[in-house]
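Residue numbers (UniProt numbering), protein chains in the order written: chain A, 1 to 319; chain B, 1 to 319; chain C, 1 to 319; chain D, 1 to 319.
Read the structure below first, then the notes.
There are 4 protein chains.
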Amino acid sequence: MHSVGICGSDVHYWQHGRIGDFVVEKPMVLGHEASGTVIKVGSLVKHLKAGDRVAIEPGALREMDEFCKIGRYNLSPSIFFCATPPDDGNLCRFYKHNADFCYKLPDNVTFEEGALIEPLSVGIHACRRAGITLGNKVFVCGAGPIGLVTLIVAKAMGAAQVLVTDLSASRLSKAKEVGADIILQISKESPKEVASKVEGLLGCKPEVTIECTGAEPAIQSGIYATRSGGTLVLVGLGSEMTTVPLVHAAIREVDIKGVFRYCNTWPMAISMLASKSVNVMPLVTHRFPLEKALEAFETARKGLGLKVMLKCDPKDQNP
Amino acid sequence: MHSVGICGSDVHYWQHGRIGDFVVEKPMVLGHEASGTVIKVGSLVKHLKAGDRVAIEPGALREMDEFCKIGRYNLSPSIFFCATPPDDGNLCRFYKHNADFCYKLPDNVTFEEGALIEPLSVGIHACRRAGITLGNKVFVCGAGPIGLVTLIVAKAMGAAQVLVTDLSASRLSKAKEVGADIILQISKESPKEVASKVEGLLGCKPEVTIECTGAEPAIQSGIYATRSGGTLVLVGLGSEMTTVPLVHAAIREVDIKGVFRYCNTWPMAISMLASKSVNVMPLVTHRFPLEKALEAFETARKGLGLKVMLKCDPKDQNP
Amino acid sequence: MHSVGICGSDVHYWQHGRIGDFVVEKPMVLGHEASGTVIKVGSLVKHLKAGDRVAIEPGALREMDEFCKIGRYNLSPSIFFCATPPDDGNLCRFYKHNADFCYKLPDNVTFEEGALIEPLSVGIHACRRAGITLGNKVFVCGAGPIGLVTLIVAKAMGAAQVLVTDLSASRLSKAKEVGADIILQISKESPKEVASKVEGLLGCKPEVTIECTGAEPAIQSGIYATRSGGTLVLVGLGSEMTTVPLVHAAIREVDIKGVFRYCNTWPMAISMLASKSVNVMPLVTHRFPLEKALEAFETARKGLGLKVMLKCDPKDQNP
Amino acid sequence: MHSVGICGSDVHYWQHGRIGDFVVEKPMVLGHEASGTVIKVGSLVKHLKAGDRVAIEPGALREMDEFCKIGRYNLSPSIFFCATPPDDGNLCRFYKHNADFCYKLPDNVTFEEGALIEPLSVGIHACRRAGITLGNKVFVCGAGPIGLVTLIVAKAMGAAQVLVTDLSASRLSKAKEVGADIILQISKESPKEVASKVEGLLGCKPEVTIECTGAEPAIQSGIYATRSGGTLVLVGLGSEMTTVPLVHAAIREVDIKGVFRYCNTWPMAISMLASKSVNVMPLVTHRFPLEKALEAFETARKGLGLKVMLKCDPKDQNP
Ligand SMILES: NC(=O)c1ccc[n+]([C@@H]2O[C@H](COP(=O)([O-])OP(=O)(O)OC[C@H]3O[C@@H](n4cnc5c(N)ncnc54)[C@H](O)[C@@H]3O)[C@@H](O)[C@H]2O)c1
Ligand SMILES: NC(=O)c1ccc[n+]([C@@H]2O[C@H](COP(=O)([O-])OP(=O)(O)OC[C@H]3O[C@@H](n4cnc5c(N)ncnc54)[C@H](O)[C@@H]3O)[C@@H](O)[C@H]2O)c1
Ligand SMILES: NC(=O)c1ccc[n+]([C@@H]2O[C@H](COP(=O)([O-])OP(=O)(O)OC[C@H]3O[C@@H](n4cnc5c(N)ncnc54)[C@H](O)[C@@H]3O)[C@@H](O)[C@H]2O)c1
Ligand SMILES: NC(=O)c1ccc[n+]([C@@H]2O[C@H](COP(=O)([O-])OP(=O)(O)OC[C@H]3O[C@@H](n4cnc5c(N)ncnc54)[C@H](O)[C@@H]3O)[C@@H](O)[C@H]2O)c1
Ligand SMILES: [Zn+2]
Ligand SMILES: [Zn+2]
Ligand SMILES: [Zn+2]
Ligand SMILES: [Zn+2]
């Protein structure tokens, strides 16, 4: 492994030992945003060889089930997934992964870009499910790492204007830096008030809203804000039950679509990075050698900065 | 006018004078499920002439707005709609309607079938938005008129098995009569229990659930029941806020799509009726001459039978 | 193996030793429309056990490539395919196949129905790519086995009227028997004349045309006949170069889509057969025990009847 | 009117008096790429007022037919279209147009950008029908005005790499200037050779090919070049009959989709121009006052430069 990003879920498993029904019951290696160099390949592997630089898709199919056959392999219940118990992650020096889910990086894509394909993939999958197209106005709730990659992808897919909200002014200024057309800091507004501010700032209701906080008020504002016939994508994961103005969405045919990780995103992400069509490097705010993992995790836990990178190759700590 | 069906909304306006934000503020003619014979046409009308038998689409565009241009004219906020205040309906002898929304009936389609295209259209639009395709297992909540037309359309679109639930045994036996493969009477089960019974009866989770009750527990059971990657369509309209296991839908990518009336359904409904591919006549349980409208409305209000037809042509009271 | 149907391609390999670039270079077992009983399963197989009756999908993936990942595994260039050189088919007593592509048959689906899922799948894939929906008028060129399964599927997906053409009157009467609404025998008409007859008989241009002959005039008539904005699906495979009125399709936005075999069709076909929503049994016109394979192939070669079934289990020659 | 671009079809009508079945039978005003200032509006018009700067969509519906209702109004056979006989165009000082097809320009969009929305719309419609998405490799045949707008839109929709071909080196250097990643000058290569060069240069077959020449060899190379499961969009209009390797497209499921003008493009084009997400100004190579129309047409006829603009407002000849 060369570079491994720390994700909110890594911090959560570390602190709480569980996320929903996934419980850590024995020691588990963390990490699922990773890139590295191939050391050895199995005899059947044709597309990779030792020395190749690769990005790793952490979800790897264990069986060819109905979801795989229709191209939605992220929904396969038996999928292996790095750092989701009981499966080990790849925050370590050496790691073995299904070669079908390792993708060769071109020379002009760095290891850190390779590692960032994981969060970027969440944004790609969300924007793709939202059906973002040329000229769209898009409302993104939340300017955490996931809100930001969603913003970046929405712009790359042709959105004319993306408005991003957050509670934190510093996160919003980062959003501005990576391409937000409009930012809106939320404090005490009701969901309907937020929706009406969004409409005012964009000049019309957005065709697409992508919710990246998991907070109930944000989901509600997403329903109120979205244009009739548009789409609200739920990326943020909140509490089990949510109270929402469902009938308000229904009679305006605002579709509500969830996102579970991603599928079929690595090849297109690599193409975009190779052609310099997206720039994810501003997301990385901290770097630590693997030896300082604890310090790195503390930094992530405190919410300082955005993406903390662990550098696992003692001989090469470059991006 | 020849035949006009009574809809739940007609009864509701009659009894309560409002539905949500639509308030009856001056006398309003009821009725929006109608067919009749053309008496006169405007000079620009080419596709119709006096004497033609027609079915009437009650929603008629008032302007060529953005929703019309993209083919989703049901979402146009300025649309005229029969018997939605302040627009008058067509439960009367003579009525004038935008010719673009009057469709010629072939000789082998009866006036009552023509009137029933309105509720049938709700079922068509719901099944189309659900993306029902060959071999699907479909779960329909509710066996009222809307649940039944949805069932009929789902079968016609190739669903292999449709399971229908209701609280009422008599409604379920009607469902069986018009083609339900499996019926399930609901009493005190929790939403999760309903979902698990549905899975048991179908042998797997349904790809599609179509909710036709508006009841919160039914919506919840729809989310739990639907297969990962499937679709829950909301036809039933309930209270303003609804509490649902949204995250359960989101992480399994069960899309939640509402339905607001319909668009582009009359031509295909007429084709289906003309080719005898669907049979909606069992829905009609009562007929009254226009003079006995009050009695007809009382029958509808008491929930006796399913569809009550008013016969507006004193010289022809045939179906 | 229990029942194996003979396909045009089997006859072609037998007679000519090649189809296009696929050349038979060493002895090859024929047969790819098959069903049978499981004798033994590998240790990792969970969904099947000895004694299960199964239908066999002849295309089985050899690697998880880009086409597999997006759910279009039929396009995988390295796919194994029964009786396509150099891969052996399953017209034999005992045969070993990738368990992921063996599907358990319910008790109420016969072995012959199981074998017929193969040609039926071509029809399903064609109709699905055509986007057939409720009330469509559909034009099917050719009433060979493939034209007939396409007709059956189109009706099951809600087509209001299907018109089938062929050169042969006997094939057209079979089409009528399995559900064609309108049949049209072609002799010397030009493609434009055929298109105009189709429009006349259907009362309007069909939204969908499915070409199942491979003949250039039929493809041309398909372009002329299809309604603006509709779809022409090419199932029939003709000569390398074809002369067509492409601009006529282009400026009316008639999409031209090919079909290469199928993917994701066995589960839905089994659902349809189990619920008795489609009936493919009239396609079988001849049955021979495996010992009389030569006679069976001669029958197929002469074009007598439609589908010739070989019965491979000496103890059970039932359908 | 303020600015009106000259299109190939204008030159063609001027020189030949017809395009296909459209024959100029009486004097006809040319011009359909136009923008100007509103002088007067009808009493029912709400979204515009005198003084508004507007871009004009030249196709305006005459009736609410089936194509309009499904959102594909460009296919309406009775549509009015500027400068398509017998309908007059808008290359003149004062012109009257259906207000539903006049779109207000924001202050930061120039009149010439407004006029260029017309050719840009062809590119938008083509890329949208192609389904271009993030990371796609795209092959555009032809670097005329239409090839260039297609290139610009493909990049804006997230294409990672666009390769453009042409016979002319100067047109290709313009393509490079407006964003082509790779250019390829065609001379005597066979269609298969072109396809193989395209694959070599892109590193893989493109998912999408957009044909903007109408030349038979280019269409053929488009079929050979496109990746299995991809799409070939035909924008270029060639001769009536075309000889193509149709079976090669069919068995690889390369969809062939035509483009007839556009629909629903002005609003998104205005959003893109307003947010500076696309830059079409480099397309304008010549400007003439309306008085020098003949000189302007001669320039266009000789193929000097790309887009020739006529400036119809004697008081304002700015872009
Ligand atoms: N569906 C998936 O597959 C998937 C994958 C990754 C992450 N997620 C989820 O996405 C969400 C975002 O992830 P992240 O790493 O960016 O988290 P994060 O906690 O770093 O960011 C969330 C941001 O939302 C802001 N926020 C909270 N309430 C808000 C409100 N009412 N309006 C606007 N902003 C508000 C917070 O200030 C914070 O900046 C999390 O819920 C995470 O669990 C889902
Ligand atoms: N979205 C639209 O455009 C549209 C159009 C027409 C009707 N509707 C709505 O559709 C719904 C159905 O209309 P209808 O005319 O058939 O109404 P209805 O009242 O006749 O039927 C509803 C049925 O649902 C049953 N039901 C109630 N709770 C249930 C539960 N928990 N599980 C199963 N069944 C349950 C009832 O017993 C009843 O038979 C209504 O909410 C109506 O407002 C919506
Ligand atoms: N794309 C695929 O994956 C796929 C799969 C299976 C079969 N096929 C192809 O489908 C086609 C049909 O297969 P089949 O087994 O039914 O073949 P078949 O030869 O039995 O049937 C073809 C029928 O077309 C009729 N026909 C010929 N010219 C005609 C015309 N101009 N108009 C109307 N009818 C005409 C013939 O009389 C014949 O009945 C073949 O070309 C076959 O290669 C393709
Ligand atoms: N479908 C529609 O709605 C629509 C709308 C507008 C234009 N068009 C058509 O689009 C086409 C392009 O329009 P334009 O204005 O850009 O025309 P143009 O003539 O200016 O450009 C065509 C370009 O194609 C190049 N070319 C010719 N043969 C080639 C080949 N084999 N390979 C590569 N390049 C080749 C030419 O050198 C030229 O530069 C025309 O056919 C036009 O009729 C269609
Ligand atoms: Zn993560
Ligand atoms: Zn109603
Ligand atoms: Zn076959
Ligand atoms: Zn033009």
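All C-beta atoms, glycine included, are put in the ideal place defined by N, C-alpha and C.
Values in this document were obtained by computation on a predicted structure and should not be read as measured data.
Chain A contacts from the stretch 267-283 of chain C (Cβ-Cβ distance under 9 Å): 267
Anticipated Cβ contact below 8 Å, residue 35 of chain A with residue 114 of chain A, distance rounded: Residue mapping note: residue 35 of chain A aligns to position 35 of the first sequence, counting from 1. Residue mapping note: residue 114 of chain A aligns to position 114 of the first sequence, counting from 1. Right, the Cβ-Cβ distance comes to about 3 Å (below 8 Å), so this counts as a contact.
Alpha carbon of residue 137 of chain D to alpha carbon of residue 209 of chain D, nearest angstrom: Taking the fourth sequence and counting its residues from 1, the one referred to as residue 137 of chain D is at position 137. Taking the fourth sequence and counting its residues from 1, the one referred to as residue 209 of chain D is at position 209. Those two C-alpha atoms are separated by around 9 Å.
CB contact flag (residue 234 of chain B, residue 219 of chain B, <8 Å): Along the second sequence, one-based indexing puts residue 234 of chain B at 234. Along the second sequence, one-based indexing puts residue 219 of chain B at 219. Going by C-beta atoms, residue 234 of chain B is nearer than 8 Å to residue 219 of chain B.
For residue 164 of chain D, the residue or residues it bridges with in DSSP: For this step, residue 164 of chain D is matched to residue 164 along the fourth sequence. Beta-bridge pairing links residue 164 of chain D to D/140 and D/183.
Min CB distance residue 128 of chain C to chain A below 8 Å: Along the third sequence, read from residue 1 onward, the residue named residue 128 of chain C stands at position 128. Chain A, which has no Cβ nearer than 8 Å to the Cβ of residue 128 of chain C, makes this no.
Cα-Cα separation, residue 98 of chain C to residue 172 of chain C: Taking the first residue of the third sequence as 1, we reach residue 98 of chain C at position 98. Taking the first residue of the third sequence as 1, we reach residue 172 of chain C at position 172. Straight-line Cα distance between these residues: approximately 38 Å.
Cβ-based neighbour list, residue 63 of chain D, same chain, cut-off 7 Å, excluding 5 preceding and 5 following: By one-based count along the fourth sequence, residue 63 of chain D stands at place 63. Here the set comprises 78.
Lining residues of ligand 2 - beta-carbon closer than 6 Å to any non-hydrogen atom, in sequence order: B/8, B/122, B/141, B/142, B/143, B/144, B/145, B/146, B/147, B/165, B/166, B/167, B/168, B/171, B/186, B/212, B/213, B/214, B/215, B/217, B/218, B/235, B/236, B/237, B/259, B/260 and B/261
Nonlocal neighbours in the same chain, by C-beta distance under 7 Å from residue 22 of chain D, ignoring five residues either side: Locating residue 22 of chain D in the fourth sequence gives position 22, counting from the first residue. These residues qualify, in order along the chain: 84 and 85.
Whole-Å CB distance - residue 261 of chain B paired with residue 122 of chain B, under 8 Å assumed: Here the question's residue 261 of chain B lines up with position 261 in the second sequence. Here the question's residue 122 of chain B lines up with position 122 in the second sequence. Yes, residue 261 of chain B and residue 122 of chain B are in contact; Cβ-Cβ is about 7 Å, under 8 Å.
Residue 39 of chain C burial status per 10 Å Cβ neighbour count (16 or more: buried): In the third sequence, residue 39 of chain C corresponds to position 39, counting from 1. Per the 10 Å Cβ criterion, exposed.
Beta-carbon neighbours of residue 1 of chain B, restricted to chain C and to distances below 9 Å: Your numbering for residue 1 of chain B matches position 1 in the second sequence. Per Cβ cutoff of 9 Å: no residues; residue 1 of chain B is ~25 Å from chain C at best.
Residue 85 of chain A: CB within 7 Å of a non-hydrogen atom of ligand 5: Position 85 of the first sequence, counted from the start, is the residue given in the question as residue 85 of chain A. Residue 85 of chain A: no, Cβ never under 7 Å from ligand 5.
For residue 32 of chain D and residue 296 of chain D, the rounded distance between their alpha carbons: Stepping through the fourth sequence from its first residue, residue 296 of chain D is reached at position 296. Stepping through the fourth sequence from its first residue, residue 32 of chain D is reached at position 32. Those two C-alpha atoms are separated by around 15 Å.
Three-way DSSP call (helix, strand, coil) for residue 231 of chain A in this model: Residue 231 of chain A sits at position 231 when you count from the first residue of the first sequence. Of the three classes helix, strand and coil, the one that applies to residue 231 of chain A here is strand, per DSSP.
Residue nearest to residue 82 of chain D in terms of C-alpha spacing, selected from D/24, D/65 and D/110: Here the question's residue 82 of chain D lines up with position 82 in the fourth sequence. Considering only alpha carbons, the answer is D/24.
Close beta carbons around residue 5 of chain B, own chain, < 6 Å, minus the five adjacent residues each side: As a first step, residue 5 of chain B is located in the second sequence; it is residue number 5 there, counting from the start. Same-chain partners within the cutoff: 33, 115, 307 and 309.
Opening and closing residue of the beta strand (DSSP E) in which residue 21 of chain B lies: One-based indexing of the second sequence puts residue 21 of chain B at position 21. Segment: none, residue 21 of chain B is in no beta strand (DSSP E) and carries neither H nor E.
Beta-carbon spacing of residue 117 of chain D, residue 266 of chain D below 8 Å: Translated into the one-based positions of the fourth sequence, residue 117 of chain D becomes position 117. Translated into the one-based positions of the fourth sequence, residue 266 of chain D becomes position 266. Taking 8 Å as the Cβ cut-off, residue 117 of chain D and residue 266 of chain D qualify as a contacting pair.
Residue 185 of chain D versus residue 212 of chain A - alpha carbon distance: Working through the fourth sequence from its first residue, we reach residue 185 of chain D at position 185. Working through the first sequence from its first residue, we reach residue 212 of chain A at position 212. Rounded to whole angstroms, residue 185 of chain D to residue 212 of chain A spans 46 Å at the Cα level.
Residue-chain proximity (residue 158 of chain D, chain A), Cβ-Cβ < 8 Å: Here residue 158 of chain D refers to the residue found at position 158 when the fourth sequence is read from its first residue. Yes, residue 158 of chain D counts as interfacial toward chain A.
Endpoints, beta strand (DSSP E) assigned at residue 289 of chain B: The sequence position of residue 289 of chain B within the second sequence is 289, counting from 1. First-last of the beta strand (DSSP E) with residue 289 of chain B: 284-289.
Nearest-angstrom Cα separation, counted from residue 242 of chain D out to residue 252 of chain C: As a working mapping, residue 252 of chain C is identified with position 252 in the third sequence. As a working mapping, residue 242 of chain D is identified with position 242 in the fourth sequence. Residue 252 of chain C and residue 242 of chain D: Cα-Cα distance of roughly 16 Å.
The stretch 86-110 of chain D: positions lying closer than 8 Å to chain B by Cβ: 100
Residues that DSSP places opposite residue 103 of chain D in a beta bridge: To locate residue 103 of chain D, count along the fourth sequence from 1; it is residue 103. Residue 103 of chain D is bridged to D/55.
Interface flag, residue 135 of chain C vs chain B, CB-CB below 8 Å: Translated into the one-based positions of the third sequence, residue 135 of chain C becomes position 135. By this cut-off, residue 135 of chain C is an interface position.
Endpoints, alpha helix (DSSP H) assigned at residue 268 of chain A: Taking the first residue of the first sequence as 1, we reach residue 268 of chain A at position 268. Looking at the DSSP string, the run of the alpha helix (DSSP H) that includes residue 268 of chain A is 266-274.
Beta-carbon gap between residue 194 of chain B and residue 150 of chain B smaller than 8 Å: If you number the second sequence from 1, residue 194 of chain B lands on position 194. If you number the second sequence from 1, residue 150 of chain B lands on position 150. No, they are not a contact pair.
Cross-strand partners of residue 94 of chain A (DSSP beta bridge): Position 94 of the first sequence holds residue 94 of chain A. Residue 94 of chain A is not bridged to any residue.
Nearest-angstrom Cβ-Cβ length linking residue 282 of chain B and residue 317 of chain B, presumed shorter than 8 Å: Counted from its first residue, the second sequence places residue 282 of chain B at position 282. Counted from its first residue, the second sequence places residue 317 of chain B at position 317. So it is not a contact: roughly 19 Å between Cβ atoms.
Ligand 6 heavy atom lying under 7 Å from the CB of residue 32 of chain B: In the second sequence, residue 32 of chain B corresponds to position 32, counting from 1. Residue 32 of chain B Cβ: within cutoff of ligand 6.
Beta-carbon proximity list for residue 68 of chain C, same chain, < 8 Å, skipping 5 on both sides: Here residue 68 of chain C refers to the residue found at position 68 of the third sequence. Correct list, in chain order: 61 and 76.
For residue 255 of chain C: DSSP bridge partner residues: As a position in the third sequence, residue 255 of chain C is number 255, starting the count at 1. C/231.
Nearest neighbour of residue 11 of chain B, chosen from B/315, B/65, B/231 and B/91 [CA to CA]: Start at 1 with the first residue of the second sequence, and residue 11 of chain B comes out as number 11. Of the listed residues, the one whose Cα sits closest to residue 11 of chain B is B/91.
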